[in-house]
Amino acid sequence: MIISASILSADFARLEAHACEAVDAGVEWLHIDVMDGHFVPNLTFGSLAVDALQSLRQTTGVVLDVHLMISRPDLYIDAFADAGADIITVHVESSCDTGKVLDAIRQRGCRPGLTLNPDTPVASLSEWMGQVEVAMIMSVHPGFAGQVYLPGTDSRILELRRMLDHSGHDTLLEVDGGIKSHNVHRALACGADVVVAGSAIFRGPVQARVAAMRAGMSNAPVAQQDRATAS
Ligand code: DX5
Ligand code: ZN
């Protein structure tokens with residue numbers, strides 16, 4: 059399973075060094091949360107997101123996983139692609155044409171991702187399955203780090219896992235929000251390929267926290283058997 063470390067919880071005064079600590083500790087992806095104060099009730103980075111991405115791109119070879127929690131992602135695809143994003147994930151609830159924005163991401167050489175808020179039916183992703191490389195379940199209401207994993211998330215991951223398996227596409231299933239070392243096995247058991255973790259990694263000794271996250275994943279096999287029995 060891939061860990062995507064959300065720099066939203068990193069120390070911005072030493073962002074690059076802090077992010078690199080996570081990379082050195084073995085996380086495969088860095089997750090960059092971009093918020094506009096409109097689509098979600100919080101603001102992050104603004105144009106600094108592009109600068110931060112650019113400097114991370116120069117410093118590290120890991121996958122840069124950009125999550126746009128903004129109303130008009132279509133207006134910023136070029137900026138994030140130019141800055142070096144590998145994956146750009148947008149919300150189905152954004153105020154733009156989903157098909158067009160996914161096409162624009164692909165045309166700019168990035169991997170398109172699509173996600174949805176916890177109250178949006180998982181089925182709303184189904185028509186886009188052939189066009190996305192990452193399908194993401196929000197396990198918190200987007201806007202803030204450090205929230206609690208919502209209880210309805212497991213069944214939503216299972217539903218998306220079934221949808222992806224039946225679609226025959228090689229799409230990665232990512233889960234974002236409230237993932238800790240004590241609950242990561244739940245997302246893994248339900249079929250996640252990638253977990254986003256911010257506060258669980260950056261608000262403490264990074265290396266030990268990444269190791270704890272990996273250790274927490276090993277609780278998954280029992281639950282994976284449950285999934286096999288249930289489906
Ligand atoms: C929430 C963001 C998440 C968040 C994760 O709006 O999309 O990526 O940073 O933070 P934790 O892991 O602290 O829930
Ligand atoms: Zn995110």
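Here the sequence shown is numbered in the numbering used here, starting from 59 and rising by one per residue. The beta-carbon is built from N, C-alpha and C at its ideal position, and this holds for glycine as well.
- Residues Pro176, Gln205, Val206, Tyr207, Leu208, Asp234, Gly235, Gly236 of the same chain have their beta carbon placed closer than 8 Å to that of Val198, with the five preceding and five following residues left out of the count.
- The Cβ atoms of Arg169 and Glu185 lie no closer than 8 Å to each other.
- Within a 10 Å sphere around the beta-carbon of Thr117 sit fewer than 16 other beta-carbons, which makes this residue exposed.
- Between Val242 and Leu216, the alpha-carbon positions lie close to 14 Å from each other.
- When beta bridges are read from the DSSP output, Met127 appears opposite Met93.
- Taking His240 as the centre and dropping the five residues before and after it, the same chain places the C-beta of Gly274 closer than 7 Å to its C-beta, in chain order.
- Between the alpha carbons of Ala270 and Leu126 lies a gap of roughly 28 Å.
- Contact annotation, Ala63 with Val98: C-beta distance approximately 20 Å; criterion of less than 8 Å not satisfied.
- With a cutoff of 8 Å on beta-carbon distance, Gln265 and Ala83 are scored as near each other.
- Bounds of the alpha helix (DSSP H) holding Val159 are 156-165.
- If you check the CB distance, Ala203 and Ser105 do not come in under 8 Å.
- For the segment 192-269, the full-length beta strand (DSSP E) segments reaching 3 residues or more read 192-196, 230-234, 252-255 along the chain.
- For Val148, the enclosing beta strand (DSSP E) has its first and last residue at 145-149.
- With 16 or more other CB atoms across the displayed protein chains lying within 10 angstroms of its CB, Pro200 is buried.
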